[in-house]
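Student: After the structure tokens below, expect a handful of questions from me.
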Amino acid sequence: MEKILAQAKLNVTEEGYLTDFTQWTNEIGFELAKEQGITMTEKHWEVIEYLQDKYKNQEALSIRGIKNSGVINIKELYALFPGGPLKKSTLIAGIPKPKSCI
Amino acid sequence: MSTKVKKMLFILSKATIENAYAAFVMANGARMEGIESEIFFTFFGLEAIQKKKLEHLHVATVGNPAMHMPTMLGGLPGVEAFATKMMKKEMAKLDMPPIGEFLEILSDSGCKLWACKLAVDMFHLKEEDLIDQLDGILTIGDFYSRADQEGCQLLFI
Chain X
1 MEKILAQAKL NVTEEGYLTD FTQWTNEIGF ELAKEQGITM TEKHWEVIEY LQDKYKNQEA
61 LSIRGIKNSG VINIKELYAL FPGGPLKKST LIAGIPKPKS CI
Chain Z
1 MSTKVKKMLF ILSKATIENA YAAFVMANGA RMEGIESEIF FTFFGLEAIQ KKKLEHLHVA
61 TVGNPAMHMP TMLGGLPGVE AFATKMMKKE MAKLDMPPIG EFLEILSDSG CKLWACKLAV
121 DMFHLKEEDL IDQLDGILTI GDFYSRADQE GCQLLFI
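If you read the sequences in order, they're chains X and Z.
Taking this note's numbering, the leading residue of the first sequence gets 1, the next gets one more, and so forth.
Taking this note's numbering, the leading residue of the second sequence gets 1, the next gets one more, and so forth.
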């Protein structure tokens, strides 16, 4: 699927996840967050950066990984991204939806 | 996603490791999808929230056809411990946390953890025997009243 956001043409999945991470910019992240009803703060960006680093290093994401990340704890993550913390944060980060059940 | 499930209420009545993990993975999975979740620990399920016992749960090797070994063998000393060790090893490969850490994760994720009053009384347990993350001790009636909205599902494990 194609989608226009922040004057850019993006390729996205049916659920709205970017299929090409290289298309991602901060501005797009900001707009994706807005669509999810989330106003980005410094802490949000810190999490996004952590997730993108993980993605670039091809490390799988899990809630346990978040717990041991040193960047954010689980409670804060749920507060920052209500209604599905990893689902929403990965969408905003422009990386694929995590496939793990844990 | 447009699931109609809004809240998952689990009743864990068994203390085998596979049943405890089934409940935990589903309860955590619900929270990750933005669905509320709560677990009610009753009867032997209480072992999973007793400080002294929770890291010592076992796989059932007797009376478990999926083990693919004769029941007589499953009952030999050490077989259950060995099978448990193997399973824990496989779970660690998938980054599945041990029971105690999993309970912390669930609690931090907003999953409510309840102990069954009747079972707590029956096993003569005190609150200090149970994990610090416990949200309280409830009767089954109290637990039913937690199903307070459309889209609640109760699951007995």
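Virtual Cβ for every residue (Gly too), placed ideally from N, Cα, C.
#1: Just how far apart, CA to CA, sit P82 (chain X) and L32 (chain X)?
#2: Please decide whether G151 (chain Z) counts as near chain X, where near means a Cβ-Cβ distance under 9 angstroms.
#3: Below 8 angstroms CB to CB, which residues in the same chain sit around Y50 (chain X) once its five sequence neighbours on both sides are set aside?
#4: Name the residues in the stretch 18 to 48 of chain Z whose C-beta lies less than 7 angstroms from a C-beta of chain X; which are they?
#5: Nearest by alpha-carbon distance to V47 (chain X): which of X:L10, X:A8, X:N11, X:K87 is it?
#6: Output the distance between the C-alpha atoms of D108 (chain Z) and E90 (chain Z), rounded to the nearest integer angstrom.
#7: So if DSSP puts E2 (chain X) in a beta bridge, which residue, or which two residues, is it bridged to?
#8: Could you check what DSSP says for H58 (chain Z) in three-state terms: helix, strand or coil?
#9: What are the boundary residues of the alpha helix (DSSP H) that A60 (chain X) is part of?
#10: Could you check if A60 (chain X) is buried or exposed, using at least 16 other CB atoms within 10 Å of its CB as the buried criterion?
#11: Excluding the 5 residues preceding and the 5 following H44 (chain X) in the sequence, name in chain order all residues of the same chain whose CB lies nearer than 6 angstroms to its CB.
#12: Could you tell me the distance, in whole angstroms, from the CA atom of G75 (chain Z) to the CA atom of V59 (chain Z)?
#13: Below 8 angstroms on the Cβ atoms is my contact criterion, and I expect W114 (chain Z) with E38 (chain Z) to pass it. Report the Cβ-Cβ distance as a whole number of Å.
#14: Using a Cβ-Cβ cutoff of less than 7 angstroms, which residues in the same chain neighbour T19 (chain X) once the five nearest sequence positions on both sides are dropped?
#15: Give a yes or no on whether the C-beta atoms belonging to Q50 (chain Z) and I131 (chain Z) are separated by under 9 angstroms.
#16: Buried or exposed, going by whether 16 or more other CB atoms sit within 10 Å of the CB of M96 (chain Z)?
#17: Pull out every residue of the stretch 96 to 109 of chain Z whose Cβ sits closer than 7 angstroms to any Cβ of chain X, in chain order.
#18: In its own chain, which residues sit with a C-beta less than 8 angstroms from the C-beta of T39 (chain X), not counting the 5 before and 5 after it?
#19: For T16 (chain Z), which three-state DSSP category applies?
#20: Name the chain Z residues whose beta carbon is nearer than 8 angstroms to that of N73 (chain X)?
Tutor: According to the structure data:
#1: Taking the straight line from one Cα to the other gives about 14 angstroms.
#2: no
#3: S69, V71, I72
#4: V25, N28, G29, M32, E33, G34
#5: From the listed residues X:L10, X:A8, X:N11, X:K87, the smallest Cα separation to V47 (chain X) is found for X:K87.
#6: 25 angstroms
#7: X:N11
#8: strand
#9: For A60 (chain X), no alpha helix (DSSP H) encloses it, and the DSSP letter there is neither H nor E.
#10: exposed
#11: L80
#12: 12 angstroms
#13: 7 angstroms
#14: Hits under 7 angstroms: N11, V12, T13.
#15: yes
#16: buried
#17: The stretch 96 to 109 of chain Z vs chain X, Cβ under 7 angstroms: M96, P97, I105, D108, S109.
#18: A33
#19: Collapsing the DSSP output to three states places T16 (chain Z) in a strand.
#20: D108
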